[in-house]
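Just so we're aligned, residue 4 is where the sequence shown starts under my numbering, counting upward by one.
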Amino acid sequence: MNLKLDHVAVQVSDLSAAIDFYTRTLGLELLFRELDPVHHEAFAFLRLEGGNLELLQRLSEDNSPIPLEARIPEPPYTPHVALATENIEKILEALADRGVPILKGPLEIPGKVKWLYFSDPDGNILEFVEWL
Numbered sequence: 004m005n006l007k008l009d010h011v012a013v014q015v016s017d018l019s020a021a022i023d024f025y026t027r028t029l030g031l032e033l034l035f036r037e038l039d040p041v042h043h044e045a046f047a048f049l050r051l052e053g054g055n056l057e058l059l060q061r062l063s064e065d066n067s068p069i070p071l072e073a074r075i076p077e078p079p080y081t082p083h084v085a086l087a088t089e090n091i092e093k094i095l096e097a098l099a100d101r102g103v104p105i106l107k108g109p110l111e112i113p114g115k116v117k118w119l120y121f122s123d124p125d126g127n128i129l130e131f132v133e134w135l
């Protein structure tokens, strides 16, 4: 497997304010911003040298922002490290061969990205990402 760091994810309380901070203050480039009303989240990806930063904002059932204190302890709402792969199906096979349970996924934004979550033996959340 030829793996690279894809992104590190952090949760934010105000996605627009966070994007403003990371782009205007730190000079990161906004790659894209999405609203996912089905999963009640908004997120953005910003380019870093050697990887990306994902900003996640959890939304309520009516897709309005909720406070950070209401974080849920499941991916993608926990801090996690994402590794890029060119073939997520091979990753699924390798994890299954080793008895590693998938926490969530594989998920897909058609034409953009596929991803899944699992944990290491110590419970650290990891994500595999295949950009389409």
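No residue lacks a Cβ here, since even glycine has one placed at the ideal position from N, Cα and C.
Opposing strand residues paired with residue i [DSSP bridges]
i	result
S122	I128
I105	F121
D39	E44
Where residue i falls, given that 16 or more other Cβ within 10 Å makes a residue buried
i	result
H10	buried
H83	buried
A20	exposed
Residue i vs residue j beta-carbon contact at 8 Å
i	j	result
K117	E133	yes
L29	R50	no
L59	F48	no
Y25	L56	yes
L38	I22	no
Nearest-angstrom Cβ-Cβ length linking residue i and residue j, presumed shorter than 8 Å
i	j	result
L106	K7	Not confirmed; about 21 Å, so no contact.
L135	K115	6 Å
D17	P68	7 Å
F35	I94	23 Å between Cβ atoms; not a contact.
P40	N66	5 Å
heavy atom of the ligand NAP below 7 Å from residue i C-beta
i	result
Y120	The model on display carries no ligand, and the ligand NAP is accordingly not part of it.
Any 3 or more C-beta pairs closer than 8 Å across the region 10-25 and the region 107-125: Output reads no: the region 107-125 does not touch the region 10-25.
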